[in-house]
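-13 is the number of the first residue of the sequence shown in the working numbering; add one for each residue after it.
All C-beta atoms, glycine included, are put in the ideal place defined by N, C-alpha and C.
Quick caveat: nothing in here was measured; it's all calculated off a predicted structure.
Have a look at the structure below, then the notes.
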Amino acid sequence: METKAPNLRIVTITLQEYIMKFVFSILFVIGSFTAMAQDALSYYNSGIDKFEEGNSLGAIKDFDSAIANNSELAEAYWGRGSVFAELEQFPRALKDLNTCIKLDPGIGDAFYNRAYVWVAMDEPQKALNDLNMYILLNPKDINGYLSRLDILVKYSDQEKAYADMEKIATLEAINPGQLVQRARIKYLMKDTVGSITDLDAGIAMLPTFMDAYYLRGKYYYEYGQYNKAIQDLNIYLLSKDDDVEAFMIRGECYARQGEYSLGINDYSSAIALESDNPTYFFDRGFFYLQMQEYADARVDFRKAIFYSHQDIKLAYFNLGIAEFKLDNKEEACANWRKSADIGLEYLLKYCN
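So, in structure tokens, the structure goes:
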């Protein structure tokens, strides 16, 4: 009789979050066993089934029975500890995962899940130690490096983080989530073409993976392929119509192609979602200037100034342009004075 390996759910991570990996290596049982040992394996398999079904309490009950029948079955402690971790019962999870590792230090997934527990308990160094062990046991598994990288980035260990990034870029990614994560890494390493290639593969595997469309659209935008970026962001925004940044990027793509009215529409959507962002008002004001809609531009530059745009001098300069085009010379000159050296040429030309 052999144990079952659960069908893994795909969970994506970014460099700002940590995940638990519920995996299990198939346990091959060789030789003959007592009836109690066979019962322990049956309960263990049942616990795995219930875990996959989302029946956490039922899974714990079966793992309890497996341990009662065979207290040396390390995998049963792994199963129960992992379920406790998912339920955020971290001390109980830690106790079971410790027991699993003590009984069989070769079960790498116990180190991985214990690392998650250490992170939850604010013990990053212990988490790193466990991820180091997981990687030692599973040197070709991209998940270990991704999770270790997350901690290294958070704690600013740049040299080791970059080494992990280089490794991740070479490792096999076997599912859409891993492909997206590898794409992020390649992008951070300035390999835009490689990151887009990974996203192409991820979308081919899972055409409904909306985050992949967003990232590919963003990378196309930064690569200067605005039509392709717009196509991807169109798909993404059909299902994620509350993503401010997606509207902003698509709006910028339209503007780069001279389609300012469409850019204004997207920035208006962004402003409806985030009404105090000075950058959105500043950019939309610039689009209005290009369309010679100076009254609307004036409103937006005033709001950009009110919300403390990071380049306040340029905001005053553009506000001066809008006022001048509206035949408000006095107001234009007042704003150009506030723009300091940026507006000096206009002050000398129009305000003497």
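Inset, instruction - Determine, using beta carbons only, whether residue 34 and residue 66 come nearer to each other than 8 Å. - result: Mapped onto the sequence shown, residue 34 falls at position 48. Mapped onto the sequence shown, residue 66 falls at position 80. Cβ atoms of residue 34 and residue 66: not closer than 8 Å.
Inset, instruction - Could you pull out every residue in the same chain whose Cβ sits closer than 6 Å to the Cβ of residue 199, ignoring the five residues on either side in sequence? - result: As a first step, residue 199 must be located in the sequence shown, where it is residue number 213. In chain order, 218, 221, 222 place their CB closer than 6 Å to the CB of residue 199, counting only its own chain and leaving out the 5 sequence neighbours on each side.
Legend entry - Top-ranked residue by Cα proximity to residue 211, from 264, 44, 179, 57: Along the sequence shown, read from residue 1 onward, the residue named residue 211 stands at position 225. The option with the nearest alpha carbon to residue 211 is 179.
Inset, instruction - Within its chain, find whatever has a CB closer than 6 Å to the CB of residue 291; leave out the 5 residues flanking it on each side and keep chain order. - result: Numbered from its first residue, the sequence shown carries residue 291 at position 305. Same-chain partners within the cutoff: 301.
Inset, instruction - Kindly list the residues whose CB is nearer than 8 Å to the CB of residue 341, restricted to its own chain and excluding five residues on each side of it in sequence; keep chain order. - result: Outside the shown range of the chain, which is -13 to 338, sits residue 341, and nothing can be said about it.
Inset, instruction - Can you grab the Cα-Cα spacing for the pair residue 98 / residue 175, in whole Å? - result: As a first step, residue 98 is located in the sequence shown; it is residue number 112 there, counting from the start. As a first step, residue 175 is located in the sequence shown; it is residue number 189 there, counting from the start. So the two alpha carbons sit approximately 26 Å from each other.
Inset, instruction - Look at residue 270 and residue 250 and say whether their C-beta atoms are less than 8 Å apart. - result: On the sequence shown, residue 270 is found 284 positions in, with the first residue counted as 1. On the sequence shown, residue 250 is found 264 positions in, with the first residue counted as 1. In this structure, residue 250 lies closer than 8 Å to residue 270 by Cβ.
Legend entry - For residue 100 and residue 235, the rounded distance between their alpha carbons: Translated into positions along the sequence shown, residue 235 becomes position 249. Translated into positions along the sequence shown, residue 100 becomes position 114. Their Cα atoms are separated by approximately 39 Å.
Inset, instruction - Determine the extent of the alpha helix (DSSP H) in which residue 341 is found, giving its start and end residues. - result: With the chain covering only -13 through 338, there is no way to say anything about residue 341.
Inset, instruction - With a threshold of 16 other CB atoms inside 10 Å of the CB of residue 316, please say whether the residue is buried or exposed. - result: Sequence index remark: in the sequence shown, residue 316 carries index 330 (1-based). Looking at its Cβ environment, which holds fewer than 16 other Cβ atoms inside 10 Å, residue 316 is exposed.
Inset, instruction - Please classify residue 77: does DSSP put it in a helix, a strand, or coil? - result: By one-based count along the sequence shown, residue 77 stands at place 91. Residue 77: helix per DSSP, three-state reduction.
Legend entry - Extent of the continuous alpha helix (DSSP H) run through residue 171: As a first step, residue 171 must be located in the sequence shown, where it is residue number 185. Residues 162 to 174.
Legend entry - Same chain only: Cβ atoms within 6 Å of residue 207, ignoring 5 sequence neighbours per side: The residue given as residue 207 occupies position 221 in the sequence shown. Here the set comprises 215, 235, 239.
Legend entry - Buried or exposed (CB count within 10 angstroms, at least 16 for buried), residue 68: By 1-based counting over the sequence shown, the position of residue 68 is 82. Residue 68 is buried by the Cβ-count criterion.
Legend entry - Three-state secondary structure assigned by DSSP to residue 128: Against the sequence shown, residue 128 aligns to sequence position 142. It is helical.
Legend entry - Run of the alpha helix (DSSP H) containing residue 329, from where it starts to where it stops: Against the sequence shown, residue 329 aligns to sequence position 343. No alpha helix (DSSP H) holds residue 329; DSSP gives it neither H nor E.
Inset, instruction - Kindly indicate which three-state DSSP category residue 146 falls into: helix, strand or coil? - result: Counting from one through the sequence shown, the residue named residue 146 turns up at place 160. Residue state, collapsed to three classes: helix.
Inset, instruction - Locate the alpha helix (DSSP H) running through residue 51, then write down its first and last residues. - result: On the sequence shown, residue 51 is found 65 positions in, with the first residue counted as 1. For residue 51, the uninterrupted alpha helix (DSSP H) run begins and ends at 42 to 55, by DSSP.
Inset, instruction - Return the CA-CA distance between residue 87 and residue 293, expressed in angstroms with no decimal places. - result: One-based indexing of the sequence shown puts residue 87 at position 101. One-based indexing of the sequence shown puts residue 293 at position 307. Cα to Cα, residue 87 sits roughly 55 Å from residue 293.
Inset, instruction - Would you mind working out which of 255, 31, 245 sits nearest residue 230, comparing C-alpha positions? - result: Sequence index remark: in the sequence shown, residue 230 carries index 244 (1-based). Among 255, 31, 245, the Cα nearest to that of residue 230 is on 255.
Inset, instruction - Could you please give the first and the last residue of the uninterrupted alpha helix (DSSP H) stretch that includes residue 290? - result: Indexing the sequence shown from 1 puts residue 290 at position 304. Element bounds for residue 290: 280 to 292.
Inset, instruction - Grab me the residues of residue 333's own chain with a C-beta within less than 8 Å of its C-beta, minus the 5 sequence neighbours each way, in chain order. - result: Locating residue 333 in the sequence shown gives position 347, counting from the first residue. Cβ contact annotation for residue 333 (same chain, cutoff 8 Å, sequence separation greater than five): 319, 322, 323, in chain order.
Inset, instruction - Report the rounded CA-to-CA distance for residue 48 versus residue 148, giving the unit in angstroms. - result: Here residue 48 is taken as the residue at index 62 of the sequence shown, counted from 1. Here residue 148 is taken as the residue at index 162 of the sequence shown, counted from 1. Cα to Cα, residue 48 sits roughly 43 Å from residue 148.
Inset, instruction - Report the option in 113, 122, 275 whose CA atom is closest to the CA atom of residue 140. - result: Counted from its first residue, the sequence shown places residue 140 at position 154. The option with the nearest alpha carbon to residue 140 is 113.
Legend entry - Close Cβ partners of residue 164 (< 7 Å) along its chain, the five nearest in sequence each way excluded: Position 178 of the sequence shown, counted from the start, is the residue given in the question as residue 164. Hits under 7 Å: 128.
Inset, instruction - Taking only the alpha-carbon atoms, compute the straight-line gap between residue 278 and residue 177 and give it to the nearest angstrom. - result: By 1-based counting over the sequence shown, the position of residue 278 is 292. By 1-based counting over the sequence shown, the position of residue 177 is 191. Whole-angstrom Cα-Cα distance: 39 Å.
Legend entry - Boundaries of the alpha helix (DSSP H) in which residue 110 is found, first to last residue: Your numbering for residue 110 matches position 124 in the sequence shown. Boundaries of the alpha helix (DSSP H) around residue 110: 110 to 123.
Inset, instruction - Check whether the Cβ atoms of residue 171 and residue 151 lie closer than 8 Å to each other. - result: Position 185 of the sequence shown, counting from 1, holds the residue named residue 171. Position 165 of the sequence shown, counting from 1, holds the residue named residue 151. Yes, these two residues count as a Cβ contact at 8 Å.
Inset, instruction - Pull up the distance between the alpha-carbon of residue 289 and that of residue 260, whole angstroms please. - result: Walking along the sequence shown from the start, residue 289 turns up at place 303. Walking along the sequence shown from the start, residue 260 turns up at place 274. The straight-line gap from Cα to Cα measures roughly 13 Å.
Legend entry - Separation of residue 189 from residue 29, as counted between CA atoms: If you number the sequence shown from 1, residue 29 lands on position 43. If you number the sequence shown from 1, residue 189 lands on position 203. Approximately 38 Å, taken between the alpha carbons.
Legend entry - Presumed contact (8 Å Cβ cut-off) between residue 137 and residue 130, rounded CB distance: Residue mapping note: residue 137 aligns to position 151 of the sequence shown, counting from 1. Residue mapping note: residue 130 aligns to position 144 of the sequence shown, counting from 1. Going by Cβ atoms, the distance from residue 137 to residue 130 rounds to 11 Å, so no, they are not a contact pair.
Legend entry - Spatial distance of residue 337 from residue 329 (CA atoms): For this step, residue 337 is matched to residue 351 along the sequence shown. For this step, residue 329 is matched to residue 343 along the sequence shown. Taking the straight line from one Cα to the other gives about 11 Å.
Inset, instruction - Between the Cα of residue 243 and those of 263, 213, 264, 258, spot the shortest distance and give me the residue it belongs to. - result: Along the sequence shown, one-based indexing puts residue 243 at 257. Shortest Cα-Cα distance from residue 243 to any of 263, 213, 264, 258 involves 213.
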